[in-house]
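Okay, so the sequence shown: first residue is 1 according to full-length UniProt numbering, each after it adds one.
In this text, a Cβ means the ideal position worked out from N, Cα and C, and glycines have one as well.
Step one of this worksheet: look at the structure below.
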Amino acid sequence: MATSHPGNFIYADGHRFYSPNCKRVVKIPAAIKQDGSELSPFQQGVRWENLRVPCRWSRAYGWTSFIPIDRHFGFKPFDTVAYPPPLEIEDGLYYHNRHTVDSWTQLDAAVHKMASILFAKYDPPAVFPYSIRGWKFQDKFKSRAKGRALSFAARDWFLVWAGLLSFMIAHAEEKCNEFQRFTKEYNRDDPSTMSSIKEWQEVLNPDSFPNNSVLKDLADSLPSSPICSFSLSTCRCGIFLDLERKEDYQPSVTWFMDRGVPVWFPWNSDTPHILQKLNMAYLVPPPEVLQQQSQNIAIRPPIMVPAALLHPLPHRSEQDLSNPHRRRHLERQEAAAKRRVQIAEIISKADASAEKARSRFSEKDRVTALNRAKHPPRTSAPVHVYEPDNDDESKLKLNVALAAEREDVLGDFSTNQSRYFPELNRWICCADLAPNEAGPNDLDEDDDFEGCVVVYEPEGSGPVAVNPHQVFPRAARYNPEEAISLPDFSDDFLDDQGVTRLEQLILLDMRLFYGFIAPIPYPTEKPTSSRTDQEKKNFLRWLGHNQNSPAMARFFQSGITDSMYKFYKLCLTTTGDVHPPAETWDIMDTTIRLPENLGLLQRLTVLPRPVATLGSATQAKGGDRPHFWFILEFGNSHPWSLVLMTAADVVTVCRISPSVGSKHANPISPDDIISFLVQRGIPFHTFQSSDIPPRHIAYQPTPSQLPRKPAGYQFTRDDYLQYQHTRDLMLSNPRMRAALLRGGIVWRLAYSAVSVSDVLDGPTGVPGLIVRDLNKNEDYQDDALTALEEDLIVGLYVCSTGRGNPPALKSWWPLADLFDKGENPGRWTHHQEAWYRDRLEAIMEGKAQLYSVRDWRSKLRGRQDTNRIQQHQEQSSEAFLQIQVQRNLGF
């Protein structure tokens, strides 16, 4: 007997939708126009990232519901495009070599050919997307960054075609099944009149393509590839369907569900009867889900269901009971869980009353209620507030707000903490509906913050054991903007405009990371003083630029270099109260130009951070100085908070202008800030309340040990390619977004394999970094790499030395901590990029070998002037933040 599906409800603009097979919280797609016209989703500039959202069914584009929302390139021949190779350069233009262009073009043709065969044989309702060649990856580019960006966009476009092939194969299987069912009935009369229809495996038999190796490989690998994986473990975009009005050629709800495609359909009081009529009564959610959905109304994505409504009360161990802080924390959790059950019952009763009132409405009453729902009254409607009882905090007590205080009281609750019932003309407010949110009134308060934070591991001797078959809810949001390409760190500045670009870039870096203000008027004459070659190299090394480029000599003939170098020397030799002058430094009290986005500091809190919790990349060099987490909260727009590691990074974020962080002239947004940090390789975290349920991802365990090699083994280019393939497959796990947050060499190695949108999706909820705020009695979580994962990313091997000697540790790239302790300015630089590309080129040419830990340590020595200026910037930034915020930040 079929059982009910514990699905999920979402809401938007007064409409409620239910999914019986998906807990993702998604944006509801626009309805198809009544005249039947359809807007193609494949507009100019639309990338795969933009299509990772559900669609409405249409005959032409309903197949886009099968597009995968994760990257899958681990099967032939798709593995040929998984990792676009570095661009080559000739005559100042960047391009892919002929082998890469030919292999990608052949795969493009093979995918199109296969789709055409399926289309001709089974006539699926689908309009093809444009070719992968439409991304112009085969062209030559003036900018390396543009060439790389279009190459990755073309690579990801294969996933769109993979979605089309998945839909066509599912359609072909259904057509064959229909034919078999029809045959059983028709054969009773005259089987001789029957024609035949081939299975798709027979139509796409690899032996049918003896002269096309790419098409043969694709046909051979299809059955075991994600293209033919029709389970929920292969996450797809999904579709919104109308149960009552079925569109042309629209498959049924169960057809999509049986193929692992998330489905949403409208939900109202009549939906259970409609499902029963369609013989799908088993899709009606169980009573507890119906009860839970009643407490969320008019919620905008992302929605977080309180964990206490989904899980039993927290277990109390003897260790918990012996710790007074932990015991009190658990008592509050238990009380909060009980209150949430109570408010769910209260909301459910109010829903029933509203439904009863609605059944008695006249047409005039219905219109009145509809108008109230569109514009809920904030002064004329009674406001019922449910708060913890002072005598028993596990119980809720009703307080009715005075008429004169209704609007102010509503301001104390966020959108998710209040619900308006237009049929009853009544508000119900309770903080336990969304305990991790603050109302608009709370966001303006400037209370002094005092508290301490401790980092702890879950109880037990080691990390939490994770069931490898455990399934987590998928991410609730995606980045709708273009994919962000890597800044052009490799620009050699050798063309006619090279010196101008170099000057502009150095000015930008000095403004963003050090607060330098160019003099007014801008110097145009030659510099008045000369520098020795060593002084020039020291200055450029401090900024992270290549000291040996011919363009650098021409740069020092620019008049602005006098002011830049003087600023550099003052930062280097600063002691006591001696600083660069206010007209050249934007964090001085009397400066002529403050950072653009100081309004962000109103959301800033600072918490002590134990040094042992994070790697060196997250720490400003400063001896035994205390370290802090600098937390910027974004309110309801993001369920997580941005956490920076240094005060200097906070000030840098405040300097970002729309021209730096975004292509648009709008105020800087949280996504702009995150994108900027990822572009520049600046380490950060995204703290999210541990009460928020984990995302729906298929947990992929990483290898449990390092690879081993025998004594005397000689590494070759093939070993590096194998390591690279294994590394990038591991990085395809959404949890590996932590690699982009890590910074340093780990960031660089992960940049090509991890999507920026994965970072914006927020923590997956898989056990990682766990932080407890003792002041708020709240736990936070974020994705974090283990030491083993960091070692695997940099290509560490255990190499036997023979004759019973201890094994040696060798790696393709320096260990993460060693790299951080070297010359690390807290971001990725042109100097580091030049080193990275030179070593990668040497490896690919077979001219570079692995280094031991001792060898890497000797090759990565830092510079005292870089460390000294970092320490000075950190101290000055802390003082600046304290003055600007005008409240005790706890330094």
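Pull the bridge partners of His384 from the DSSP assignment, please.
Note: His384 sits in a beta bridge opposite Val400, Ile428.
How big is the Cα-Cα spacing for Gln602 and Phe634?
For Gln602 and Phe634, the distance between alpha carbons rounds to 11 Å.
If we count the other Cβ atoms within 10 Å of its Cβ and call it buried at 16 or more, is Leu370 buried or exposed?
Exposed.
Buried/exposed call for His638, threshold 16 Cβ in 10 Å:
Burial is judged here by how many other beta carbons sit within 10 angstroms of a residue's own beta carbon; His638 has at least 16 and is buried.
Quick test of your reading: Trp267 and Phe421, contact by CB under 8 Å. State the CB separation rounded to the nearest angstrom.
Contact flag wrong, Cβ pair sits at about 17 Å.
Residue range of the beta strand (DSSP E) that includes Ser675:
Ser675: not part of any beta strand (DSSP E); member of the alpha helix (DSSP H) spanning 670-680, first to last residue.
Less than 7 Å between the beta carbons of Thr866 and Pro814, yes or no?
Going by C-beta atoms, Thr866 is not nearer than 7 Å to Pro814.
Are the CB atoms of Ala582 and Ser877 within a distance shorter than 7 Å?
For Ser877 and Ala582, no; Cβs fall outside 7 Å.
Would the region 65-75 count as touching the region 87-97 if we require 3 or more Cβ pairs under 8 Å?
Proximity of the region 65-75 to the region 87-97 falls short of the contact definition, fewer than three beta-carbon pairs being nearer than 8 Å.
Local Cβ density within 10 Å of His273, reported as buried at 16 or more and exposed below that:
Exposed is the call here.
Less than 7 Å separating the beta-carbons of Ala739 and Val754?
Remark: C-beta atoms of Ala739 and Val754 approach each other more closely than 7 Å.
Buried or exposed: Arg406, going by 16 or more other Cβ atoms within 10 Å of its Cβ?
Under the 10 Å beta carbon count, Arg406 is surrounded by 16 or more other beta carbons and is classified as buried.
Alpha carbons only, please: which of Asp220, Arg259, Asp248, Phe240 is nearest the one belonging to Phe234?
Position check: residue 234 holds Thr in this sequence, whereas Phe was assumed. The shortest C-alpha separation from Thr234 is found at Arg259.
Assuming contact is defined by CB atoms lying nearer than 7 Å, are Phe128 and Phe66 in contact in what I supplied?
Contact: no.
What residue does the alpha helix (DSSP H) around Ile745 start on, and which one ends it?
Where Ile745 is concerned, the enclosing alpha helix (DSSP H) stretches over 744-750.
Near Phe361, what residues of its chain come up, given a Cβ to Cβ distance below 8 Å and the 5 sequence neighbours on each side ignored?
By the criterion of a C-beta distance shorter than 8 Å, Phe361 is surrounded in its chain by Ala369, Glu423, once the five residues flanking it on both sides are discounted.
Can you tell me where the beta strand (DSSP E) holding Val263 begins and where it ends?
Counting along the chain, the unbroken beta strand (DSSP E) around Val263 starts and ends at 263-266.
With DSSP as the reference, please indicate the residues paired to Trp585 in a beta bridge.
Note: Trp585 sits in a beta bridge opposite Phe516.
In this structure, does DSSP put Tyr780 in helix, strand or coil?
If DSSP states are grouped into helix, strand and coil, Tyr780 belongs with the strands.
For the alpha helix (DSSP H) that contains Trp57, what are its first and last residues?
Premise fails: Trp57 is in no alpha helix (DSSP H) and is neither H nor E.
Do you know whose CA, among Gly768, Leu760, Arg727, Lys776, lies nearest Ser752's CA?
The alpha carbon of Ser752 has as its nearest neighbour, out of Gly768, Leu760, Arg727, Lys776, the alpha carbon of Arg727.
Contact set for Glu790: own chain, Cβ-Cβ below 7 Å, skip 5 residues either direction:
Closer than 7 Å at Cβ, skipping near neighbours: Val746, Ala816.
On a CA-only basis, which of Arg144, Asp217, Arg857 is nearest Lys810? Give me that one, please.
Of all alpha-carbon atoms in Arg144, Asp217, Arg857, the one lying nearest the alpha-carbon of Lys810 is that of Arg857.
When burial is assigned at 16 or more other CB atoms within 10 Å of the CB, is Pro210 buried or exposed?
Around the beta carbon of Pro210, a 10 Å sphere encloses fewer than 16 other beta carbons of the protein chains shown; the residue is thus reported as exposed.
Taking 7 Å as the threshold (C-beta atoms), are Ala381 and Asn425 in contact?
Yes, they are a contact pair.
DSSP three-state call for Ser229: helix, strand or coil?
If DSSP states are grouped into helix, strand and coil, Ser229 belongs with coil.
In angstroms with no decimal places, state the Cα-to-Cα distance between Ile656 and Trp835.
The straight-line gap from Cα to Cα measures roughly 27 Å.
Does the pairing of the region 104-114 with the region 129-141 give three or more beta-carbon distances under 8 Å?
Below 8 Å, enough C-beta pairs join the region 104-114 and the region 129-141 to call them touching: three or more.
Could you name the residues of the same chain whose beta carbon sits closer than 7 Å to that of Ala373, not counting the 5 residues immediately before and after it, in chain order?
Within the same chain, Cβ atoms closer than 7 Å to the Cβ of Ala373 are found at Gly14, Pro422, the five residues on either side in sequence being excluded.
Using the three-state DSSP reduction, which class does Thr829 fall into: helix, strand or coil?
Coil.
Helix, strand or coil: which one does DSSP assign to Tyr83?
Of the three classes helix, strand and coil, the one that applies to Tyr83 here is coil, per DSSP.
Residues bridged to Tyr94 [DSSP beta-bridge criterion]:
Among the bridge pairs identified by DSSP, Tyr94 is matched with Ile89, Phe141.
Starting from Ile631, trace the beta strand (DSSP E) in both directions and tell me its first and last residue.
Its beta strand (DSSP E) spans residues 628-632.
Is it right to say Phe9 is buried, meaning 16 or more other beta carbons lie within 10 angstroms of its own, or is it exposed?
With 16 or more other Cβ atoms from the protein chains shown falling within 10 Å of its own Cβ, Phe9 counts as buried.
Meets three-Cβ-pair contact criterion under 8 Å: the region 708-723 and the region 771-785
No: fewer than three Cβ pairs fall under 8 Å.
Taking Ile793 as the reference, which of Ala750, Lys395, Asn777 has the closest Cα?
Per the C-alpha coordinates, the member of Ala750, Lys395, Asn777 positioned closest to Ile793 is Ala750.
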